[in-house]
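**Q**
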Amino acid sequence: MPLVVGVNFRKSGKAYYFDPAGIALSEGDPVIAETARGIEFGEVTIAPKDVLEEEIVSPLKKIIRKATQADIERAESYHSKEKQAFSICLQKVQQHNLQMKLIDAEYCFDGSQVTFYFSAESRVDFRELVKDLAGALRTKVQLHQVGVRDEAKLFGGMGPCGRQMCCTTFLNGFEPVSMKMAKEQCLFLNPLKFSGVCGKLMCCLKYEYPMYKEAKEKFPAINSMVDTKEGCGKVVELNIIKETYSVQLESGSVLHLSIHPEADEPCGCPAKDECARYNQTRLAEAPQAKQPERINGGKPFPVRPVKAEAEPQKPAEPSKPENPAGAEQPAGNGGSHRRRNRRRKPKQQKSE
């Protein structure tokens, strides 16, 4: 099996495989390698390893040598020139009134070529711009248009999770991501919530998609009808992590069932009785909670008889003011009550 080593030429770039050519290399070593653009300065990001012949698509280029201190200083000097070239290119873009967004500039290790990365919503004719830049920088100029994902990768930044973006740390390429992946993971379908810094769907939606897709094969489909001990119902929710699903019965109640039938049944293991005896022993040996002190000597309190509900009292009539002395009483029953005179029986005369 051939021996290969992975080299990155940009901090957020893709790792390319090279033939170590018998040079002892380890991760983090600066190297000088031959590429399609010429001689490049890079860093080993994947230690030498053996791969299959089928994994090698094209003939491998070789590592020229380990980078010396002079090579490192030369690479740093060209990094400083990249800022100057970027400002010059920005001025030329404004002069030509081109609708393009300049992102970054990159020099080759030998200074024979400078590459400018830009983004644009439509096709841009930059032939006149290339001529002006070549005359101003005195070197070969190449312009490379990138998409919104590559733009975010070149700029870098923090993702919604609070960590550095995956594309700037460990991803070597971009793979298509669709809303179907979010749907398979039972996530709320909101594109704004799943969009990354680039405005596209986040790459991390693809990481757990195969696991969720395989796990959902064990579950009944949403809105499907299933039979339970309580009756027939409709599946309304899935919980992939807990391996449970919710079923709504015709009565309106909801059951939470497990995909493992034995989980819904009582324990039938051989040690069931032994476990029960062990738990009972532990409960008996456990210190009892202190009972609260009883008052009244532990005797029951006398029961208070329940009073009969009293009839609602009528509101009292407002008292009438008393008549002043000497005032005439009105006729009839008005004023104070008059005393009724009893009729006296006539006395019987005694007979002589």
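Just so it is clear: in the sequence shown, position 303 is 421 by the numbering used here, and no numbers are missing.
For glycine and all other residues, C-beta sits at the position ideal for the given N, C-alpha and C.
Between the C-alpha atoms of Lys-336 and Ile-358, what's the straight-line distance to the nearest angstrom?
**A** Going from the Cα of Lys-336 to the Cα of Ile-358 covers about 10 Å.
**Q** Between Asp-268, Ala-203 and Val-295, which has its C-alpha nearest Asn-252's C-alpha?
**A** According to the sequence as given, residue 252 is Ala; it is not Asn. It is Ala-203.
**Q** Give every residue of the same chain whose Cβ lies closer than 8 Å to the Cβ of Leu-255, excluding the five residues on either side of it in the sequence, and list them in chain order.
**A** Ala-203, Ile-206 and Val-232
**Q** Nearest to Leu-356 by alpha carbon, out of Phe-306, Lys-324 and Gly-317?
**A** Residue Phe-306 is the option with its Cα nearest to Leu-356.
**Q** Give the DSSP bridge partners of Asn-341, in chain order.
**A** DSSP, once it has assigned bridges, lists no residue as partnering Asn-341.
**Q** If you follow the alpha helix (DSSP H) that Ser-198 is part of, which residue opens it and which one closes it?
**A** 187–214
**Q** Looking at the strands, I want to know which residues DSSP matches up with Glu-355.
**A** Ser-364
**Q** With DSSP as the reference, label Ala-252 as helix, strand or coil.
**A** helix
**Q** Are at least three pairs of beta-carbons, each pair with one atom in the region 233–244 and one in the region 279–299, less than 8 Å apart?
**A** They do not touch, by the three-pair rule.
**Q** Just verifying my parser: in three-state terms, what is the DSSP assignment at Val-149?
**A** strand
**Q** Does the Cβ-Cβ distance between Ala-151 and Ile-182 come in under 8 Å?
**A** yes
**Q** Could you tell me the distance, in whole angstroms, from the CA atom of Gly-156 to the CA atom of Phe-227?
**A** One C-alpha to the other measures close to 8 Å.
**Q** Strictly by DSSP, which residues pair up with Met-472?
**A** Shown here, the chain extends from 119 to 470; a query on residue 472 therefore has no answer.
**Q** Looking only at its chain, what residues have a beta carbon closer than 6 Å to the beta carbon of Lys-311, apart from the 5 residues adjacent to it on each side?
**A** none
**Q** On the DSSP letters alone, give me the boundaries of the beta strand (DSSP E) that Ala-165 sits inside.
**A** 156–168
**Q** Report the CB separation of Thr-186 from Asn-126 in whole angstroms; it is logged as a contact under 8 Å.
**A** Going by Cβ atoms, the distance from Thr-186 to Asn-126 rounds to 19 Å, so no, they are not a contact pair.
**Q** Compute the Euclidean distance between the alpha carbons of Asp-137 and Leu-178, then round it to the nearest angstrom.
**A** 6 Å
**Q** Could you give the first and the last residue of the continuous alpha helix (DSSP H) run that contains Glu-302?
**A** Residue range 297–302 is occupied by the alpha helix (DSSP H) that includes Glu-302.
**Q** Could you tell me the alpha carbon to alpha carbon distance between Gly-124 and Phe-288, rounded to whole angstroms?
**A** 13 Å
**Q** What are the partner residues of Glu-224, as DSSP defines its beta bridges?
**A** Beta-bridge partners assigned by DSSP to Glu-224: Thr-233.
**Q** Need the endpoints of the alpha helix (DSSP H) that Tyr-327 sits in, please.
**A** 327–333
**Q** Where Gln-217 and Asp-243 are concerned, what is the direct C-alpha to C-alpha distance, given to the nearest angstrom?
**A** 10 Å
**Q** From Leu-323 to Gln-213, what distance separates their C-alpha atoms?
**A** Going by the C-alpha atoms only, they are around 42 Å apart.
**Q** Let me check understanding here. Comparing Cα to Cα, which of Arg-128, Pro-294, His-378 and Lys-331 lies closest to Tyr-225?
**A** Arg-128
**Q** Counting only the same chain and skipping the five closest in sequence on each side, list residues whose C-beta sits under 7 Å from that of Lys-331.
**A** Glu-302
**Q** When you compare each of Ser-144, Gly-160 and Lys-167 to Met-119 by their alpha carbons, which one comes out closest?
**A** Lys-167
**Q** In whole angstroms, give me the CA-to-CA distance for Tyr-196 and Gly-229.
**A** Their backbone Cα atoms lie some 7 Å apart in a straight line.
**Q** On the CB-based measure, 16 or more other CB atoms within 10 Å of its CB, does Cys-350 come out buried or exposed?
**A** By the neighbour-count definition (other C-beta atoms within 10 Å, threshold 16), Cys-350 is an exposed residue.
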